[in-house]
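Below you'll find the structure, written out as structure tokens, and then a few comments.
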Amino acid sequence: MTVSGGETALFWVLAPLMTLAALGLIFVRRAVHAAICVMFVMVGMAILYVAQEASFLGVVQVVVYTGAVMMLFLFVLMLVGIDAADSLTETIRGQRWLGVLLGLGLAAVLLGVISAATFPPAVGLAEANAVTNPVALARVLLADYVLAMEVVGVLLVTAALAGLVLTHRRRISPKVTQRDLARERVAALPQGRTLTPLPAPGVYAQNNAMDTPALGPDGAPLEHSVPRVLRIRGQARSATAVLAAEESLVARELADAGLLTADADADDDGARADGARDAHQGEER
Amino acid sequence: MELTNYLGLAAVLFAVGAATVLLRRNAIVVFMGVELMLNATNLAFVTFARIHGDVTGQVLAFFVMVVAAAEVVVGLAIIVMIFRARRSASVDDVNLLQS
Amino acid sequence: MQTLSLAPWLVALPLIGAALLLLAGRRSDRWGHWLGVLASAATFVVGLVMLLDMLGTPAADRVAQHTVGTWLDAGGLHVDLGFQVDPLSLTFVMLVTFVGTLIHVYSVAYMSHDVDRRRFFAYLNLFVAAMLLLVLADSYLLLFVGWEGVGLASFLLIGFWDGKRENAVAGKKAFVMNRVGDMGLVAAMMLMFAGVGAVDFATVLGSTGSGAVAGAGLSEGTWTAIGLMLLLAACGKSAQLPLQAWLGDAMAGPTPVSALIHAATMVTAGVYLLVRSGPVLEAAPDAQLVVAIVGALTLLFGAIVGTAKDDIKKALAASTMSQIGYMMLAAGLGPIGYAFAIFHLLTHGFFKAGLFLGAGSVMHAMDDDVNMRRFGGLARLLPVTAITMGLGWLAILGVPPFSGFWSKDKIIEAAFVGEGWRPWVFGLAALLGAGITAYYMSRLFFMTFAGRRRWSTDRSDDEGRVERHPHESPLLMQWPMIILAVGSVALGGILAVGNRFVTWLEPVTGHVEHHEPILPVWLLMTLTLVLVLLGAALAFRQYAMAAVPTDAPAANVLVRAARADLHQDTVNEAVVMLPGQYLTRSLVYLDRTAVDGGWLGLAGAVGRLGALLRKTQNGYVRTYAATMLGGLGLVALVVAILAS
């Protein structure tokens, strides 16, 4: 058989790219980038499979590796912390040059063996794949290797169970139920806790950020509606300053439009009772 | 083009995967290196299947994939466990074998 | 013999007595000593029955073996638990049981104030059992059991009062020096087994061939080696040169022990062994000559030491050594001497036991003092003791017609038989020994019983003499002394008349034609008597007529040497102990530096190598992966090279 020109071109395009991507595995600092490199290699591998008359394996490669295995990798990366960039400084003395040497040596040995070995003339899979590649594969897999396949099935089930067992976290304290939480809240009432959820931060015409307190029924800002962290950091904004800024803006707009008349048909849906409400709703409109 | 070019590519990828295992400290990246090595062998299997005109090579590659999938499940579970215990995914931190 | 089957009981009865006394513990404290006496007396009765039976047996049938069963059956070695009953062993049985029973009785009174009297009797019974096993055994191996048994009993009894350190040390000294001899016996047995393939008397002695001709299987050299090893054993047990040093210290034990074990019976076991092994010595003339030389040397050595000792018991111990030297000399003279060796052994057993019991009686009277320089003039106060000891004294001097005359004179006579230099050397040594014996025994007697009193009944004595209140011993102590004194007087004469004893032993020692000594018998007898009289007279002049200083006066080199046992301990230390210690120390040093050093160095090298290799085990997975990959690369490389 002969290799078609298209395949040759495909190979010479893909092979350097795949090699580069694989080298990225060694050199990139972030694990996520490494995962993307590997994904590229695997997709390229799938394409090469298809080109090599192994269309079934090509599909399986995409489904299993890029679809399942690499997704699993990404999940674990997210669990571990996707931001972490690895330091590439070597800590084990001599490991770096040893690794480089061994990698290059291994490549040299393998390439040497390949170049030294004499292969029979390529037969090609046209004949074997006459009944289509999946059928040909199935005939071998389910006839000659049926026992191995079943064993591998068992292995998969076992591995799945192993994954469950290994990542299972044993509970070391009794489970906290709704009832426990409710009881705790009621018990904490004397310390100033409330039964209801805390009020949400304020929502204003131009501002609905977490750092601005809401206004209470009496128009006073509710400090505890701002998340505690922001308050402690001193990042909470003052509600009155926001209101004042909005009011001055509204006033300027109205003056520009010549509509200095007060807003008569104010809908009284909210609990907001001060003048800010008018300005606010006017702005909404 | 000769089919042995595929084998050469497989060899290079395998060596790169091995070097990754030796050089990287992040357990997940090391694991990716292992996957890369497995894939390189798969490519060699597929190429040999084509050279010999026998799909058995592809069947073997298929088995490798399945076993690799199982291995990934268990391996990643172990990594997660180690991370939980040590707050680190570095293989160098797991050196209790040291005397 | 119909009573042959009684033989095991001779051993069993005292053994049962000892076991009962030891196992019953304090419960038997009140009656234990009488049980001991009973066991000993019963053994004597059994022995007497056998003796009477043997006397009624024709001489040809008097040698018999009684086999109880197989003792050891290990491959080529087959040993029966058998008893040899013949005139020789029965003679010993009678001596041991008779003297033993008398001493048991004596001890009842002598040890009456000792809280451990019951234990003492247990040991005495144990000794009797072991001694009877020794003389009744029909093989060297069984003899060895008895041999070790008497050694053990001797050790236990020397150190009986082990509350005092020197007593315990004396016991240990005796034990250790005896072990040296025991090694000789063990070596002799090994040689016998290697050469003859058996260790029983019948086979070993039967394979020596007749007379002085070497046996069929073994060379004369082998028999010489066996004979010398047996001699070594005999030297250990019988306190002969060069293993004589323990006997003097053994006097640390209670006096009845000294009388029974270290005078009458156990120390003569070596003589028994040599006489019993007579055919071996005859097959090895060189060994026989060494035996005679050892005997002659020891008899002079003991006699010289005896002249200077102020300790009454140690003087008697030196005398014992000397007298056993006579027996060894006789045993080394060959068949003509065997009967006289045993004869002298028998009479010596009586008169020396009597002398020791007398010494015990004197010590009893003098508050356990043993220094003769603080005795003197005791004859009137201790009449029975004085008379019995006097009879023993005359007996050991060899004054006719007392026992010693009959036996010792015969040995001197036999020593003069032969050709060349031997009769002159051995004969003159024996003759000289008789003179010295007369001197030191007379010295002992006169210092104790004659002369001025060197003690006082007053508490405050103006001459600085010690206060003593001598009194005669109780009847229980007197009677054994009297009986032994009677034996000392009459036994020799009775047995010597018509060569009765020699004839009695003939089934064992063989018939020997009479040999004429190189000097006429009458001359020898006269010479002996003259020497004895001279010695006694000298002692009389020095210790009965003249005043004896209560402290040993300064003396010349020879006397000082004799007082120090001719420096036997110094010699032992210089010749054996110090080189041994140096050898041990150098071996230890060699072991530590060379042997241990080598192995430790090797171990250290391995350890350091391991420490180096340990560095590769740094716990880092990546290093292991690198190692694996390196190995894989190497394998691939090798395969590639081999394949191409």
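Residue numbers (this note's numbering), protein chains in the order written: chain B, 1 to 285; chain Z, 286 to 384; chain E, 385 to 1028. Where is the CB? At the ideal position from N, CA and C, for every residue including glycine.
- Residue environment: Glu320/Z is assigned as buried (16 or more neighbouring CB atoms within 10 Å of its CB, all protein chains considered).
- Scanning its chain for C-beta atoms nearer than 7 Å, with the 5 sequence neighbours on each side dropped, one finds around Ala946/E the residues Ile688, Val689, Thr691, Ala692, in chain order.
- Across the segment 98 to 112 of chain B, CB contacts with chain E closer than 8 Å involve Leu98, Gly99, Leu102, Gly105, Leu106, Val109, Leu110, Gly112, in sequence order along the chain.
- Contacts between Thr326/Z and chain B, judged by CB atoms closer than 9 Å, are missing: the closest CB pair is about 11 Å apart.
- The DSSP-derived three-state label of Gly318/Z is helix.
- Pairing Leu683/E with Phe800/E gives a Cβ-Cβ distance that is not under 8 Å.
- Note: Ala458/E is bridge-paired with Leu461/E in the DSSP secondary-structure output.
- In this structure, the alpha-carbon of Arg309/Z lies about 30 Å from that of Thr289/Z.
- Within chain B, Val64, Ala68, Val69, Leu156, Ala159 have C-beta atoms less than 8 Å from the C-beta of Ala354/Z, given in sequence order.
- Close to chain Z, meaning a Cβ-Cβ distance shorter than 7 Å, are the following residues of the segment 999 to 1015 of chain E: Gln1001, Asn1002, Gly1003, Tyr1004, Val1005, Arg1006, Ala1009, Ala1010, Leu1013.
- Exclusion of the five residues before and after Met711/E leaves Val655, Ala725, His728, Leu729 as the residues of its chain whose Cβ lies within less than 6 Å of its Cβ.
- Inclusion of Pro221/B and Ala239/B in the CB contact set at 8 Å is warranted, their separation being smaller than that value.
- The beta-carbon of Val297/Z is placed no less than 8 Å from the nearest beta-carbon of chain E.
- Along the segment 400 to 472 of chain E, the alpha helix (DSSP H) occurs as fully enclosed runs of 4 or more residues at 416 to 439, listed in sequence order.
- Looking only at Gly782/E, Leu762/E, Val916/E, Asp584/E, the smallest Cα-Cα distance to Val463/E is reached by Asp584/E.
- The beta carbon of Phe40/B sits closer than 6 Å to the beta carbons of Ala21 from its chain, once the five residues preceding and following it are set aside; these are given in chain order.
- For Ala31/B, same chain residues with a beta-carbon under 6 Å away, outside a window of 5 residues either side, are Leu77 in chain order.
- Assignment of beta-bridge partners to Ser375/Z by DSSP yields Asn311/Z.
- Interface criterion not met: the Cβ of Val365/Z is under 8 Å from no Cβ in chain E.
- Counting the other Cβ atoms within 10 Å of the Cβ of Met71/B gives fewer than 16, which makes it exposed.
- Your pair Ala1009/E and Val306/Z checks out as a contact, with CB atoms roughly 5 Å apart and the cut at 8 Å.
- Assignment of Trp545/E by DSSP, reduced to helix, strand and coil, places it in the coil class.
- For the 8 Å CB-CB criterion, Phe504/E and Val534/E do not form a contact.
- Look at Leu1021/E: its C-beta is under 8 Å from a C-beta on chain B.
- Straight across, the Cα-Cα distance linking Ala35/B with Gly988/E is about 50 Å.
- Secondary structure note for Tyr722/E: its alpha helix (DSSP H) is the uninterrupted segment 719 to 749.
- In this structure, Val892/E places its C-beta atom within 8 Å of the C-beta atom of Pro471/E.
- Residue-level contact check: Met322/Z does not touch chain B, since none of the beta carbons of chain B fall below 8 Å from its beta carbon.
- Just so you know, the alpha carbons of Arg193/B and Gly202/B end up roughly 20 Å apart.
- In this structure His450/E touches Val469/E by the C-beta definition: roughly 6 Å separates them, less than 8 Å.
- Against chain E, the beta carbon of Leu381/Z has neighbours under 8 Å at Gly1003, listed in chain order.
- Each of Asn551/E, Met831/E, Leu390/E was checked against the Cα of Gln926/E, and the nearest Cα belongs to Met831/E.
- Between the alpha carbons of Val157/B and Gly124/B lies a distance of about 35 Å.
- Closer than 8 Å to the CB of Ala116/B there is at least one CB belonging to chain E.
- Around the beta carbon of Phe27/B, fewer than 16 other beta carbons lie within 10 angstroms, which makes this residue exposed.
- For Asp339/Z, none of the residues of chain E pass the 7 Å Cβ criterion, the least Cβ distance being about 23 Å.
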